Amino acid sequence: QVQLVESGGAVVQAGGSLRLSCAASGIIFRAYAMGWHRQAPGKQRELVAAITSADTTGYADSVKGRFTISRDNVKNSVYLQTNSLNPEDTAVYYCHTRIGSTDYWGQGTQVTVST
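Residue numbers (the numbering used here): 28 to 142.
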């Protein structure tokens, strides 16, 4: 059974940083691309960053230069380092992977950026 568990969300002041973590189980973690998505109140869920099994990364324009995605295939975990946070980054952040035609999501972790 595939399980993704996020952690690390918090309330942080504008300009601050957070490191989000996602622990995966039930999959051959190193074989799959992983992504971080976020959903702000009243908005659609959007892809923030992704990392392939070969460690190639990609970012949404809104977070380029501020966020960094990484993975640890020994710990079966993917991370999102978020820097220079601003109120527009406030959202629930979700870990995601796709295996075949099936999408798997974590339960989400709340990031709130205060002014």
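Positions of the beta carbon are idealized from the N, C-alpha and C atoms, including for glycine. The structure presented is a predicted model; accordingly, all values stated were derived computationally and were not measured.
Among the options, whose alpha-carbon lies nearest the alpha-carbon of residue i?
{"i": "Ile96", "options": "Gln30, Ser141, Leu45", "result": "Leu45"}
{"i": "Gly85", "options": "Ile126, Leu107, Gln40, Ser141", "result": "Leu107"}
{"i": "Trp63", "options": "Cys49, Gln71, Val29", "result": "Cys49"}
{"i": "Lys91", "options": "Thr139, Ser111, Ala60, Arg125", "result": "Ser111"}
In or out: residue i buried (at least 16 other Cβ within 10 Å) or exposed?
{"i": "Asp116", "result": "buried"}
{"i": "Thr136", "result": "buried"}
Taking 8 Å as the threshold (beta carbon to beta carbon), is residue i in contact with chain D?
{"i": "Val39", "result": "Given the protein chain composition of this structure (a single chain), no chain D is represented."}
Can you give the beta carbon distance from residue i to residue j, rounded, assuming they're within the 8 Å contact cut?
{"i": "Gln71", "j": "Gly53", "result": "Actually they do not touch by this definition, with Cβ atoms about 28 Å apart."}
I need the DSSP call for residue i, collapsed to helix, strand or coil.
{"i": "Asp99", "result": "strand"}
{"i": "Ala77", "result": "strand"}
{"i": "Ala118", "result": "strand"}
{"i": "Arg57", "result": "helix"}
Exercise. Would you say the stretch 31-40 touches the stretch 68-76, given that touching needs at least three Cβ pairs under 8 Å?
Worked result: no
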